[in-house]
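In the numbering used here, the protein residues as written are 306 to 1047.
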């Protein structure tokens, strides 16, 4: 038995939330279940050894395949095969997946008839070690296997072979290693070799099928393209005949373009001449008006005319001769008269010539305009001819392009057809076996040591996990620390689990042996009760708990005996539903008690009984009434407590549990102190927390809690809080000698 003094932070709020991870607590949980964990590890270890020893040896054989995507180019047929140029990861990854494909494995299973092999045929499977130990018919799997359809058996064999296969790309090379693991060493070597050959044959077959399809396609397309080529050539020749085209170069380099350029140039010159003629015509028209003859001769166009210039020179020559005759001859001299006549004749000729030239200007304007119009029409005609020629050239070019395209396609398909035909005769593959698998001589598995070690480690982890899970799910109170942290009440005392000898009453254990740890725990509780509310000399203490059978009556009775050693104390059995104070009075029955007092059927002195020579008096519950809560809530009960408090220094009331009825809440109204009892390792703290919350809502004067029925040996072993209390301290101090018996 052990006790704990009230902590200095009594009544303080919880130090931490109940969900907070407590590594020490979990370590203690593991330590508490260590023998269970060891037993689990040992059992799993033995089982793993048995399983490992019963497993047959596994052999592995490996075949190496060389993948060569770039074969020597006999003909350029890569396009027909669509082979990736160069070594790339995608290509090898594709071949890698093909090697492991279900279709290839299915062909292997059919080729080797593996459905009849003893390792794969479920009808020929030997019973396992466990099936040999178990009675016949315990498992129905063999019967089901015998009834399986051939398709289901084949699918199972395919999955089994795929499970044993392993393909691996060799880094920085063109090699792929194919391995197979089996308990049959011959089969382990046979499957990689056959799979490699089957892969090569399948690839060759696929290539040949592709070649044949390509040849059929190319042959069909070549015929169609040849017909298109002939049709396009005939259309080109018909167009040439229709348009009378002898030479395509002559057509493209004809004189139509040069003629158009010459007409355009002549048209520009004609327009310039027409503009000049119109300008001269306008000047002449103005000069021909009456009174403007002189201005007509002054026109530059008139003056520049050759005939006008010649007649002008003749006029000037006549004027020169006249001037010489005037100087030499007289007025009547015949030569002078002749000179004057010549000058007049020259001027008349000039005037007539100027008039004639003016008349020709009009005709020149008309001629210039006609010439311009003629050239304009010729230009339009030339343009139309060129456009027609361009259309012919476009049609000719389209026909020639069609012929060239059809000829190119026909020649290309014809060449591919010949190349494919040659490739069909070559029959080359992209892979070959460079290292065939040989029958292995040594097993590669199973790794028995690893199996056992991993099983033991797994069992250890599972055991620890289960221990922590149990600890996590355990919501009972196990120590005074949890009592304070989870319930928020100070610890008045910790009462150890005590096994009472035959003939002893645990309700009187404090009196029967005062040198035990139980008695010391009761004294500690007594100290807490006396030290609380020192200013109130009269104390009314209610002892309650959350559930029945948590030791309320035991603690209440022994606390009353402990208080009775100091002052006058009265013990009242306030649990009128299940009274338990009988052993305190020596087992007397049919006594009047609290029920008769509250109902007025008995007087106070008739219901107070001495508990032997202990100095403690007791008020039993009396006859069980139909309405105990109404009696406790009555004014008469309050008056009875008041009268009793005048006669006794301490009154201890044993009350019903809080969670079942509300009697304890009613009793707290007359109490000066309430002691809340929690049974270690049994009372869930959420339930106790709800009971305490219920009491606090009623303003009950809670002074602390008592942890009852604590297994100190278990607490010392797993919680480490009570070592020295449960073993060494009480053995030395009181000579009690804790044995660990319950």
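Virtual Cβ for every residue (Gly too), placed ideally from N, Cα, C.
- Boundaries of the beta strand (DSSP E) around residue 736: 736-740.
- Taking a contact to require three or more Cβ pairs closer than 8 Å, the stretch 766-778 and the stretch 524-540 do not qualify as touching.
- When only Cα atoms are considered, residue 487 and residue 345 end up about 32 Å apart.
- Counting only unbroken stretches of 3 or more residues, the beta strand (DSSP E) elements lying wholly within the stretch 467-534 are 470-474, 480-487, in sequence order.
- Burial check for residue 723: the Cβ neighbour count within 10 Å stays below 16, so the residue is exposed.
- In the structure shown, residue 923 adopts extended strand secondary structure according to DSSP, grouped into three states.
- DSSP places residue 943 in no beta strand (DSSP E) but in the uninterrupted alpha helix (DSSP H) bounded by 940-952.
- If you compare the alpha carbons of 414, 697, 627 with that of residue 645, the shortest gap goes to 627.
- From the listed residues 806, 368, 851, the smallest Cα separation to residue 494 is found for 368.
- Annotation: the continuous beta strand (DSSP E) that includes residue 981 extends over 978-984.
- A residue is called buried when at least 16 other Cβ atoms come within 10 angstroms of its Cβ; residue 983 meets this threshold and is buried.
- Inclusion of residue 797 and residue 879 in the CB contact set at 8 Å is not warranted, their separation being larger than that value.
- Here the alpha carbon of residue 478 sits roughly 38 Å from the alpha carbon of residue 421.
- In the DSSP assignment, residue 792 falls outside any beta strand (DSSP E) and within the unbroken alpha helix (DSSP H) covering 785-792.
- Taking C-alpha positions only, residue 908 is separated from residue 896 by approximately 13 Å.
- Three or more beta-carbon pairs separated by less than 8 Å link the stretch 749-759 to the stretch 345-358, which places the two stretches in contact.
- For the pair residue 800 and residue 826, the CB atoms are nearer than the 8 Å cut-off.
- If you compare the alpha carbons of 859, 805, 807, 810 with that of residue 830, the shortest gap goes to 859.
- For residue 412, the enclosing alpha helix (DSSP H) covers residues 407-417.
- Rounded to whole angstroms, residue 841 and residue 769 show a C-alpha spacing of 53 Å.
- The Cβ atoms of residue 1000 and residue 992 lie no closer than 8 Å to each other.
- Two segments are said to touch when three or more pairs of C-beta atoms, one from each, lie closer than 8 Å; by this definition the stretch 331-339 does not touch the stretch 459-479.
- Going by DSSP, residue 394 is part of the alpha helix (DSSP H) stretching over 394-404.
- Around the beta carbon of residue 512, a 10 Å sphere encloses 16 or more other beta carbons of the protein chains shown; the residue is thus reported as buried.
- Residue 911 and residue 331 have their alpha carbons spaced roughly 56 Å apart.
- In the structure shown, residue 1013 adopts extended strand secondary structure according to DSSP, grouped into three states.
- Shortest Cα-Cα distance from residue 918 to any of 946, 939, 866 involves 866.
- Cβ contact annotation for residue 688 (same chain, cutoff 8 Å, sequence separation greater than five): 565, in chain order.
- In the DSSP assignment, residue 758 falls within the unbroken alpha helix (DSSP H) covering 753-778.
- Check the Cα spacing between residue 533 and each of 504, 615, 949, 714: the tightest is with 714.
- Distance from residue 996 to residue 963 at the Cβ level is roughly 4 Å; contact confirmed, criterion being Cβ atoms closer than 8 Å.
- Apart from the 5 residues on each side of it in sequence, residue 579 sits with its Cβ closer than 8 Å to the Cβ of 670, 673, 674, 676, 677 in its chain, given in chain order.
- The DSSP-derived three-state label of residue 425 is coil.
- 547 is the residue among 547, 734, 576 whose C-alpha sits nearest the C-alpha of residue 697.
- The alpha-carbon separation between residue 762 and residue 364 amounts to approximately 27 Å.
- In the three-state reduction of the DSSP assignment, residue 801 falls in the strand class.
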